[in-house]
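**Q** Sending over a structure as structure tokens; questions will come in a sec.
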Amino acid sequence: MNKILIVEDDRTLCEELSILLENAGYLVSTIADFNDVFLQMKEADVDLILLDINLPGENGEVLLQKYRKDSDTPIIMLTSRTDDIDEVLSMSYGADDYITKPYNPTILLLRISAVLKRSVKKGQTQMYNDVQVSFVSGSIMRNGMEQILTKNEMIIFGLLLDHKGEIVSRDDMMTVLWDNDEYLNDNALSVNISRLRTKLSELGIGDAIETRKKQGYLLK
Amino acid sequence: MNFWDYIKDRIIIYIMKTTAIVISIIFLSAFNVKSQAIIVVTNILVVTVLMSELWEYFRKRDFYIRLNNSLAELDKKYLLPELVNYPEFYEGKIMVNALRECDKSMAENVAEYRRQNKEFREYIEMWVHEAKIPVASLRLMCHNNQDVGRKMTGQIKRIDDYIESVLYYARSENPELDYVIKEVSLKKIFGSVAVRNREALQILDAAIETDGLDINVLTDGKWIEFIIGQLMANSIKYCSPDRKLFLRAWADNNDKGVIFHFRDNGKGILKEDIPYIFEKSFTGHNGRENKSSTGMGLFIVSNLCERLGHRIDVVSEYGKYTEIQIVFGKNDFYKMS
Chain A
1 MNKILIVEDD RTLCEELSIL LENAGYLVST IADFNDVFLQ MKEADVDLIL
51 LDINLPGENG EVLLQKYRKD SDTPIIMLTS RTDDIDEVLS MSYGADDYIT
101 KPYNPTILLL RISAVLKRSV KKGQTQMYND VQVSFVSGSI MRNGMEQILT
151 KNEMIIFGLL LDHKGEIVSR DDMMTVLWDN DEYLNDNALS VNISRLRTKL
201 SELGIGDAIE TRKKQGYLLK
Chain B
221 MNFWDYIKDR IIIYIMKTTA IVISIIFLSA FNVKSQAIIV VTNILVVTVL
271 MSELWEYFRK RDFYIRLNNS LAELDKKYLL PELVNYPEFY EGKIMVNALR
321 ECDKSMAENV AEYRRQNKEF REYIEMWVHE AKIPVASLRL MCHNNQDVGR
371 KMTGQIKRID DYIESVLYYA RSENPELDYV IKEVSLKKIF GSVAVRNREA
421 LQILDAAIET DGLDINVLTD GKWIEFIIGQ LMANSIKYCS PDRKLFLRAW
471 ADNNDKGVIF HFRDNGKGIL KEDIPYIFEK SFTGHNGREN KSSTGMGLFI
521 VSNLCERLGH RIDVVSEYGK YTEIQIVFGK NDFYKMS
């Protein structure tokens, strides 16, 4: 399980972020005392840091610069500032990503998991039980049989696979699809899911995706 | 300086001087002075008066002609005191002194307003950043408590949009420039605008089609995101009730630059309204139908475009469609720096 440190001085925002990340299955630690943030960042043994830019005392960009000198733990900058200057600066100081408030929660989670994956360097193929999922060729294979998935189907299947055993809401699916420049409407999403099911049943696993009424879908 | 006006202005002096000469002649003849002597004295007096008047006229004329010419040539008339030199005559010196004094006081006054304006703008910027923190908390709360949150998300998005528009209004109205011009992908910008408006678009069951957006333009990423966001917000606001909203965004690339097109199938804009839609507080026909129109959105958009050096055009047919075109010039960046 990945550990995340949140460096954010607004108490409410920090609490809600913790809840969001814990619900998504991360171990979360936060900072309560803002006198020696840098020391706490250095001592924390985590996989990723969410760092606010506007902090009492030293600001996030200074902290980032100092921290990057001897550590390459991924850092995502969070900020309410809306100019490109901060973004350019942060990225040049070695931030892995930069997200402006108020962030879309689903996209925040996506970015976090993208940064974590990047740092682990996972391969381009993944296994789902005995099905081989290849993101490069956009196909799934089982017992020597292959099914080609469209881009949309692949995005949906990948998302379900990332959250195997958990419910993924239609809303989250939409956010992810739209984030990949696939602007589907409600009907089109249903069509894509049923096509994906058909392709899975060709491989003999037609019951892999379960529908939870009013909640979403679940990959068993 | 008109010669006859000058003479008219001094007519009293001439009358007095002439009277003095005439009285002198009468007195001289009364004392039996020889007529030759009277003629000589009269001549001396007349010539002196004429010479002094001409001298007076010409020294003033030079100064005032230069003053009027400077005034006519200046496009910023208030800079006149900087151009005026001290003349040789006394009244002129008093006037120039007064002008310079006025100028100084005016400059101080303007500086004071500028400072206030700057402070206000800084306050707005800070306020916006502060206000975004609770909005961020609210969004997360909605996500963490899905059943209550679902209804609120839309409203929170509206609050966020209004906050954003205050920020960009403050920015677009101020001469201080704080943008970063770099290569920005239109596809990425359009994507993030679409994601931000996804809920509203899905409620309308809108369809979106994009084409050729995989292209980089030179602009400020945050500003252009706001601009396209405003265009999309307008399409959502003024969609036609009798057909499903259909948005099309595409880009043309020619040797002059990149043209970004954004077209909807909404209400469209009346022909007589089109010339005014980028003007401040103009709401037009559609605005009268929709109470929440402020007339600010497109005004801010066109202001920002001007700042960034992009041209913005609109093509529309009432009841059919509205298409906004933004032209990203190829060399604008170099011209500006």
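Protein sequence lines, in the order shown, are assigned to chains A and B. Residues in the first sequence are numbered consecutively from 1, following my numbering. Residues in the second sequence are numbered consecutively from 221, following my numbering. The beta-carbon is built from N, C-alpha and C at its ideal position, and this holds for glycine as well. The structure displayed is predicted, hence computed values, not measured ones.
1. Taking contact to mean at least 3 C-beta pairs separated by less than 8 Å, is the region 456–467 of chain B in contact with the region 479–491 of chain B?
2. Note down, in chain order, all residues in the region 53–84 of chain A with a beta-carbon under 9 Å from any beta-carbon belonging to chain B.
3. Please tell me whether GLN422/B has its Cβ less than 8 Å away from any Cβ of chain A.
4. Considering only residues of the same chain and omitting the five flanking positions on each side of ALA208/A, which have a CB-CB separation below 7 Å?
5. Which residues, in chain order, does the region 156–179 of chain A contribute to contact with chain B at a C-beta distance below 7 Å?
6. Return the residue from the list ALA240/B, TYR388/B, ALA327/B, TYR458/B that minimises the CA-CA distance to GLU509/B.
7. Taking DSSP as the reference, what is the three-state secondary structure of LEU490/B?
8. State the Cα-Cα distance for the pair LYS121/A and GLU166/A, rounded to the nearest angstrom.
9. Using only the alpha-carbon positions, how far apart do GLY144/A and LYS151/A sit?
10. In angstroms with no decimal places, state the Cα-to-Cα distance between THR542/B and TYR496/B.
11. Chain A beta carbons: is any one of them nearer than 8 Å to that of PRO359/B?
12. Classify ARG11/A as helix, strand or coil using the three-state DSSP reduction.
13. Could you compute how far the alpha carbon of LEU270/B sits from the alpha carbon of GLY312/B?
14. Report yes or no: is there a C-beta of chain A within less than 8 Å of the C-beta of ARG418/B?
15. By Cβ distance below 8 Å, which residues in the same chain neighbour MET1/A in space, the five residues on each side in sequence not counted?
16. Pull out every residue of the region 503–517 of chain B whose Cβ sits closer than 9 Å to any Cβ of chain A, in chain order.
17. Which residue wins for smallest C-alpha separation from GLU345/B, given the options MET315/B, GLY539/B, ASN317/B, VAL386/B?
18. Grouping DSSP H, G and I as helix and E and B as strand, with all else coil, what is HIS194/B?
19. At what residues does the beta strand (DSSP E) containing VAL478/B begin and finish?
20. Could you tell me whether any Cβ in chain B is nearer than 8 Å to the Cβ of ASN23/A?
21. At a Cβ threshold of 8 Å, is ARG88/A touching chain B?
22. What residues of chain A sit near ILE409/B, judged by a beta carbon separation below 8 Å?
23. Just tell me which of ASP440/B, GLY507/B, ARG391/B has its CA closest to the CA of ASP84/A.
24. Against chain B, which members of the region 179–213 of chain A pass a CB distance test of less than 7 Å?
25. Rank ILE19/A, MET77/A, ASP162/A by C-alpha distance to the C-alpha of ARG62/A and give the top, closest one.
26. Answer with buried or exposed for ALA471/B, where buried requires no fewer than 16 other C-beta atoms within 10 angstroms of its C-beta.
27. Which partner residues of GLY549/B appear in the DSSP bridge assignment?
28. Step through the CB atoms of chain A and report whether any lies within less than 8 Å of the CB of ALA356/B.
29. In whole angstroms, give me the CA-to-CA distance for ILE231/B and PHE283/B.
30. From which residue to which residue does the alpha helix (DSSP H) around LEU358/B run?
31. Can you have a look at THR221/A and say buried or exposed, based on whether 16 or more other CB atoms are within 10 angstroms of its CB?
32. When you compare the CB positions of ARG341/B and TRP178/A, do they come within less than 8 Å of one another, or not?
33. Does the distance from the C-beta atom of ASN536/B to that of ILE479/B stay below 8 Å?
34. Going along chain A, which residues have a C-beta under 9 Å from THR430/B?
35. Under 9 Å, CB to CB, which of the residues in the region 99–125 of chain A have a partner in chain B?
**A** Looking at the coordinates:
1. Enough Cβ pairs lie closer than 8 Å, so yes.
2. Cβ contacts with chain B come from ASN54, LEU78, THR79, SER80, ARG81, THR82, ASP83, ASP84.
3. If you number the second sequence from 1, residue 422/B lands on position 202. Chain A, which has a Cβ nearer than 8 Å to the Cβ of GLN422/B, makes this yes.
4. For this step, residue 208/A is matched to residue 208 along the first sequence. Only LEU200, LEU219, LYS220 meet the Cβ criterion.
5. For the region 156–179 of chain A, which is checked against every Cβ of chain B, the residues closer than 7 Å are MET174, THR175, TRP178, ASP179.
6. Here residue 509/B is taken as the residue at index 289 of the second sequence, counted from 1. Nearest of ALA240/B, TYR388/B, ALA327/B, TYR458/B to GLU509/B, Cα basis: TYR458/B.
7. Sequence index remark: in the second sequence, residue 490/B carries index 270 (1-based). Coil at LEU490/B, not helix or strand.
8. Position 121 of the first sequence, counted from the start, is the residue given in the question as residue 121/A. Position 166 of the first sequence, counted from the start, is the residue given in the question as residue 166/A. Low local confidence applies: a pLDDT of 49 at LYS121/A is under 50, so the model's placement there is unreliable, and no value is given.
9. Residue numbering aside, residue 144/A sits at position 144 when the first sequence is read from its first letter. Residue numbering aside, residue 151/A sits at position 151 when the first sequence is read from its first letter. Straight-line Cα distance between these residues: approximately 22 Å.
10. Taking the second sequence and counting its residues from 1, one reaches residue 542/B at position 322. Taking the second sequence and counting its residues from 1, one reaches residue 496/B at position 276. C-alpha separation (whole angstroms): 15 Å.
11. Position 139 of the second sequence holds residue 359/B. Here residue 359/B is Arg; the residue named in the question, Pro, does not match the sequence. Taking Cβ atoms only, chain A reaches closer than 8 Å to ARG359/B, which makes this a yes.
12. Residue numbering aside, residue 11/A sits at position 11 when the first sequence is read from its first letter. DSSP places ARG11/A in helix when its eight states are reduced to three.
13. The sequence position of residue 270/B within the second sequence is 50, counting from 1. The sequence position of residue 312/B within the second sequence is 92, counting from 1. Between the C-alpha atoms of LEU270/B and GLY312/B there is a straight-line separation of about 22 Å.
14. In the second sequence, the residue the question calls residue 418/B occupies position 198. Chain A contact via Cβ: present.
15. One-based indexing of the first sequence puts residue 1/A at position 1. Only GLY25, TYR26, LEU27 meet the Cβ criterion.
16. Cβ contacts with chain A: none found.
17. Position 125 of the second sequence, counted from the start, is the residue given in the question as residue 345/B. The option with the nearest alpha carbon to GLU345/B is VAL386/B.
18. Residue coverage of chain B in this structure runs from 221 to 557, which leaves residue 194/B outside it and unanswerable.
19. Start at 1 with the first residue of the second sequence, and residue 478/B comes out as number 258. Run containing VAL478/B: 477–484, per the beta strand (DSSP E) assignment.
20. Indexing the first sequence from 1 puts residue 23/A at position 23. ASN23/A counts as touching chain B.
21. Start at 1 with the first residue of the first sequence, and residue 88/A comes out as number 88. According to the sequence provided, residue 88/A is Val. The question's Arg does not apply to it. True, the Cβ-Cβ gap to chain B drops below 8 Å.
22. Position 189 of the second sequence, counted from the start, is the residue given in the question as residue 409/B. None at all; the shortest Cβ gap to chain A is about 11 Å.
23. Along the first sequence, read from residue 1 onward, the residue named residue 84/A stands at position 84. Comparing Cα positions, the closest option is ASP440/B.
24. Cβ contacts with chain B come from ASP179, ASP181, TYR183, ASN185, ASP186.
25. For the purposes of this step, residue 62/A is taken as the residue at position 62 of the first sequence. Reading the sequence as shown, one finds Val at residue 62/A and not Arg. VAL62/A has its Cα closest to that of MET77/A, out of ILE19/A, MET77/A, ASP162/A.
26. Walking along the second sequence from the start, residue 471/B turns up at place 251. Result: buried.
27. One-based indexing of the second sequence puts residue 549/B at position 329. GLY549/B has GLY477/B as its beta-bridge partners, per DSSP.
28. In the second sequence, the residue the question calls residue 356/B occupies position 136. The beta-carbon of ALA356/B is placed less than 8 Å from the nearest beta-carbon of chain A.
29. The residue you call residue 231/B lines up with position 11 of the second sequence. The residue you call residue 283/B lines up with position 63 of the second sequence. A direct Cα-Cα distance of roughly 22 Å separates ILE231/B from PHE283/B.
30. As a first step, residue 358/B must be located in the second sequence, where it is residue number 138. Counting along the chain, the alpha helix (DSSP H) containing LEU358/B begins and ends at 310–364.
31. Any answer about residue 221/A is impossible in this case: the structure gives chain A only from 1 up to 220.
32. Here residue 341/B refers to the residue found at position 121 when the second sequence is read from its first residue. Here residue 178/A refers to the residue found at position 178 when the first sequence is read from its first residue. Not closer than 8 Å, so no.
33. Along the second sequence, one-based indexing puts residue 536/B at 316. Along the second sequence, one-based indexing puts residue 479/B at 259. With the sequence shown as reference, residue 536/B is identified as Ser, and Asn is not the correct amino acid for it. The answer is no: Cβ separation not under 8 Å.
34. Looking up residue 430/B in the second sequence gives position 210. Residues of chain A whose Cβ lies closer than 9 Å to the Cβ of THR430/B are, in chain order, ASP181, TYR183.
35. Listed by position along the chain: THR100, LYS101, PRO102, TYR103, ASN104, PRO105, THR106, ILE107, LEU108.
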